[in-house]
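Data first, discussion second: the structure below is written as structure tokens.
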Amino acid sequence: MLPEKFFEVLNHEGVVSISTCVNNEVHAVNTWNSYLVVVEGNKILIPAAAMIKTEENINQNNKVNLTLGSKEVMGYRYMGTGFLIEGTAKFLRSGDHFNMMREKYSFLTRVLEITVDSCKQTL
Numbered sequence: 002m003l004p005e006k007f008f009e010v011l012n013h014e015g016v017v018s019i020s021t022c023v024n025n026e027v028h029a030v031n032t033w034n035s036y037l038v039v040v041e042g043n044k045i046l047i048p049a050a051a052m053i054k055t056e057e058n059i060n061q062n063n064k065v066n067l068t069l070g071s072k073e074v075m076g077y078r079y080m081g082t083g084f085l086i087e088g089t090a091k092f093l094r095s096g097d098h099f100n101m102m103r104e105k106y107s108f109l110t111r112v113l114e115i116t117v118d119s120c121k122q123t124l
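All residue numbers for the sequence shown refer to this note's numbering, where the first residue is 2 and numbers rise by one.
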């Protein structure tokens, strides 16, 4: 489901924006491309240490948007490309995915799991 160009972007550092929305108020947090781990073809795992408001919002509305990119990957016409990911999210506190991520990122308290519904290249 996720295109090869998406994985090229993950191989270069950049900022990821994670947006949630409750009561017509958008909340955004950031992380890094290098923290995203794709499993099962359509799930993105992200280590979470804080993300308190994000978790509160997801408990009310599990729809999320992620944007990410890299200026080092060729886009449609020029160097630099990005993606808009739309999906549903939940926080993991245990299980295989949690344990695998805990080994990689000892700072996490939870894992944000996003099931991708759509992935659109934006540049």
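Even glycine gets a Cβ: it sits at the ideal position worked out from N, Cα and C.
All values reported here derive from a predicted model rather than from experimental measurement.
Option nearest residue i by Cα separation, candidates the options
i	options	result
A29	G96, K44, I59, E41	I59
V74	T123, S95, S20	T123
N24	E114, Q61, N100	Q61
D97	W33, T21, V112	V112
Y36	Y106, C120, I115, K121	Y106
P4	A90, I86, N100	I86
T21	A51, T116, L67	L67
Buried or exposed (CB count within 10 angstroms, at least 16 for buried), residue i
i	result
S71	buried
F108	exposed
R55	In the sequence as displayed, the identity of residue 55 is Thr instead of Arg. That one is buried.
I47	buried
F7	buried
Y77	exposed
A110	Looking at the sequence shown, residue 110 is not Ala but Thr. It is exposed - the Cβ of T110 has fewer than 16 other Cβ atoms within 10 Å.
Cα-Cα separation between residue i and residue j, rounded to whole angstroms
i	j	result
D118	L93	19 Å
K44	E26	25 Å
E41	S95	17 Å
G81	V16	13 Å
F84	N12	14 Å
Where the beta strand (DSSP E) containing residue i begins and where it ends
i	result
R94	No beta strand (DSSP E) contains R94, which DSSP labels as neither H nor E.
L1	With the chain running from 2 to 124 in the structure shown, residue 1 is simply not present.
Residue range of the unbroken alpha helix (DSSP H) whose run includes residue i
i	result
F7	5 to 11
Please specify which runs of the alpha helix (DSSP H), each continuous and at least 4 residues long, are wholly inside the stretch 22 to 63, giving them in chain order.
53 to 61
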